[in-house]
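Asker:
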Amino acid sequence: MKLSAFHKSQGDEVHLNDTLKQYDYVYASVLFDHNKNNGRFATANECGGPQYPDVNLPPHIERIKPDYDLYKKNDFSIGYTFRPCYRRCEFCLTKTFKQPDKRHHSIWEFHDKRFKKICLMNNNTFMDPFWKDTFEEIWKENLILKEHGLDIRLLDAEKAEAIKKTKFDGRYHFAWDRMKDEQLILRGLQFAKEYDIKARFYVLAGYNTTWKEDLYRCQILINYDHVPYIMPYTDNPTVKAMKNFINSPGNWWNYKDDITKGWDDFIKGQTKSKKKEKAKSDADEQQAGLF
C-alpha cells in the first residue's frame with residue numbers, strides 16, 4: 000500500500016492483482032516458501048515480503064502513509080509502531096528479517112482518521128520501551144485494536160490493565176510455543192486471571208514437543224479459562240488429529256477437567272469411524288461385483 004501511495008503521488012495509475020492487463024512495472028509480495036516458484040511471480044519486476052528478507056522499502060517510501068483505497072473493502076488502518084522481536088525463536092520467520100528500524104513510531108505515521116479500527120503488525124508490541132505511548136494514542140482516539148498476538152511472557156499488572164482498558168476487535172490473542180517458557184507463561188496467566196483477561200492461545204505443536212506436552216499445555220490454558228488453538232508445525236498425523244480435536248471446542252468441552260481422556264475418546268471415535276467406513280466400502284465393492 001505504501002508503494003501504491005508513492006506511485007500515485009508520481010502520477011502513476013496503480014492496480015491490484017489484475018493479471019489480465021499489461022503493466023509497465025509489477026511488484027509481488029511473497030509470504031510463503033512454496034509460493035516462490037509460482038509462475039505468477041515470474042513476470043514481476045520486483046519481489047519482496049518474508050521470502051525476500053534482504054528486500055526493504057527505501058526510507059522515502061517507508062515514511063509514506065499507506066494507500067488504503069487500494070483495498071476497497073478495507074475498514075482499518077494498518078502498520079507498525081515497533082518492528083523488532085528479540086526472541087529469535089528457532090521456528091519463527093521473524094528472526095530472518097533484516098530489521099534496521101528499531102525505533103518506536105506513532106500511529107499517526109499510518110493511521111487514517113476515517114477508520115475507527117487500527118491493526119498493529121508489530122512482532123512484539125510489549126518489547127517496545129514506549130508501548131504505553133501506542134496504547135495512549137489508541138485510547139485518545141477511541142480506536143478498536145486488531146492485534147495478531149501479544150507476548151504473555153511480558154505481561155505484568157500495568158500491561159494487563161492497559162489491555163483491559165483497550166477495545167479489541169474480537170478475542171485477545173497470546174501464544175504458548177515452547178515448554179521451556181512454562182514458568183513465564185504461568186506468571187503471565189496469573190496476571191491475566193487477576194484482570195479477567197480470557198484469550199485464545201496459539202499452541203505450537205509438532206516442533207520439539209510430544210503430544211503429551213501439547214495436551215498438557217492445552218489443559219493448563221483451559222484451567223485458566225482460555226481457549227487453546229493448535230498451530231501445527233508438521234503434517235504428522237497425530238498433530239493433525241490434535242488440531243481437529245482442540246480447534247473445535249465442542250470436542251473437549253465436556254472434558255475440560257481431563258483433556259487427556261477427551262483426547263483418548265476422540266481417537267477411539269475416529270478409529271471406529273474409519274473401521275465403519277472401510278466396512279461400508281468393502282460391502283459396496285462386494286455388491287458391485289455381483290452385477
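Residues in the sequence shown are numbered consecutively from 0, following numbering that gives the first Met the number 0.
C-beta: ideal position from N, C-alpha, C; glycine also.
A quick note: this is a predicted structure, and the numbers were derived from the prediction, not measured.
Determine, using beta carbons only, whether residue 3 and residue 13 come nearer to each other than 8 Å.
Answerer: Yes. Within cutoff.
Asker: Apart from the five residues on each side of it in sequence, which residues of its chain come closer than 8 Å, Cβ to Cβ, to residue 223?
Answerer: Cβ neighbours of residue 223 beyond the five flanking positions: 188, 191, 192.
Asker: At the level of alpha carbons, what is the spacing between residue 129 and residue 267?
Answerer: Answer to the nearest angstrom: the Cα atoms are 51 Å apart.
Asker: Nearest to residue 291 by CA position, among 62, 49, 219, is which residue?
Answerer: Here the chain has residues from 0 to 290 only, and residue 291 is not among them.
Asker: Quick check: what's the CA-CA separation for residue 24 versus residue 198?
Answerer: So the two alpha carbons sit approximately 43 Å from each other.
Asker: Can you tell me whether DSSP reads residue 105 as helix, strand or coil?
Answerer: In the structure shown, residue 105 sits in coil (DSSP, three-state: anything other than H, G, I, E or B).
Asker: Can you tell which of 215, 253, 108 has its C-alpha closest to the C-alpha of residue 176?
Answerer: Nearest option by C-alpha distance: 215.
Asker: Could you tell me which of 111, 80, 168 sits nearest to residue 131, measuring between CA atoms?
Answerer: Closest option to residue 131, Cα to Cα, is 80.
Asker: To test your reading of the DSSP string, which unbroken beta strand (DSSP E) runs of 3 or more residues are found completely within the segment 73-160?
Answerer: Segments of the beta strand (DSSP E) lying fully in the segment 73-160: 76-78, 116-119, 143-146.
Asker: Could you pull the start and end residues of the alpha helix (DSSP H) that residue 216 belongs to?
Answerer: Residues 210-222.
Asker: Indicate the three-state DSSP secondary structure (helix, strand or coil) for residue 178 in the structure shown.
Answerer: Three-state DSSP puts residue 178 in a helix.
Asker: Using the C-alpha atoms, what's the distance from residue 104 back to residue 125?
Answerer: Going by the C-alpha atoms only, they are around 14 Å apart.
Asker: Using C-beta distances below 8 Å, list every residue in its chain close to residue 69, excluding the 5 sequence neighbours before and after it, in chain order.
Answerer: 0, 3, 13, 15, listed in sequence order.
Asker: With 16 as the cutoff for other CB atoms within 10 Å, does residue 90 come out buried or exposed?
Answerer: With fewer than 16 Cβ atoms within 10 Å of its Cβ, residue 90 is classed as exposed.
Asker: Per DSSP, residue 203 is paired with what?
Answerer: According to DSSP, which records beta bridges pairwise, residue 203 is partnered with 230.
Asker: Closest to residue 66 by C-alpha separation, out of 146, 117, 111, 42, would be which residue?
Answerer: Here the closest residue by C-alpha is 111.
Asker: Considering only DSSP beta bridges, list what residue 26 is partnered with.
Answerer: The partner list for residue 26 (beta bridge, DSSP) reads 45.
Asker: For residue 221, tell me which candidate among 245, 239, 135 has the shortest Cα-Cα distance.
Answerer: That would be 245, whose Cα lies nearest to the Cα of residue 221.
Asker: Taking the C-alpha atoms as reference points, what is the distance between residue 153 and residue 174?
Answerer: Their Cα atoms are separated by approximately 12 Å.
Asker: Is the beta carbon of residue 167 closer than 8 Å to that of residue 143?
Answerer: In this structure, residue 167 lies closer than 8 Å to residue 143 by Cβ.
Asker: Let me know if residue 151 comes out buried or exposed under the rule of 16 or more other beta-carbons within 10 Å of its beta-carbon.
Answerer: By the 10 Å Cβ count, residue 151 comes out buried.
Asker: Mark residue 5 as exposed unless 16 or more other C-beta atoms lie within 10 angstroms of its C-beta, in which case mark it buried.
Answerer: Per the 10 Å Cβ criterion, buried.
Asker: Could you give the distance in angstroms between the alpha-carbon of residue 133 and the alpha-carbon of residue 194?
Answerer: C-alpha separation (whole angstroms): 20 Å.
Asker: Sorted by chain position, which residues of the same chain lie with C-beta nearer than 8 Å to residue 212's C-beta, five sequence neighbours on each side aside?
Answerer: Only 178 meet the Cβ criterion.
Asker: Note down the Cα distance separating residue 149 from residue 123, rounded to an integer number of angstroms.
Answerer: Their backbone Cα atoms lie some 7 Å apart in a straight line.
Asker: Identify, in the order they occur along the chain, each residue of the same chain with its Cβ nearer than 6 Å to the Cβ of residue 210, setting aside the five sequence neighbours on each side.
Answerer: Cβ within range, chain order: 237.
Asker: To the nearest angstrom, how far is the alpha carbon of residue 54 from that of residue 45?
Answerer: Spanning the two alpha carbons is a distance of roughly 9 Å.
Asker: Check this for me: beta carbons of residue 230 and residue 203, under 8 Å apart or not?
Answerer: Contact: yes.
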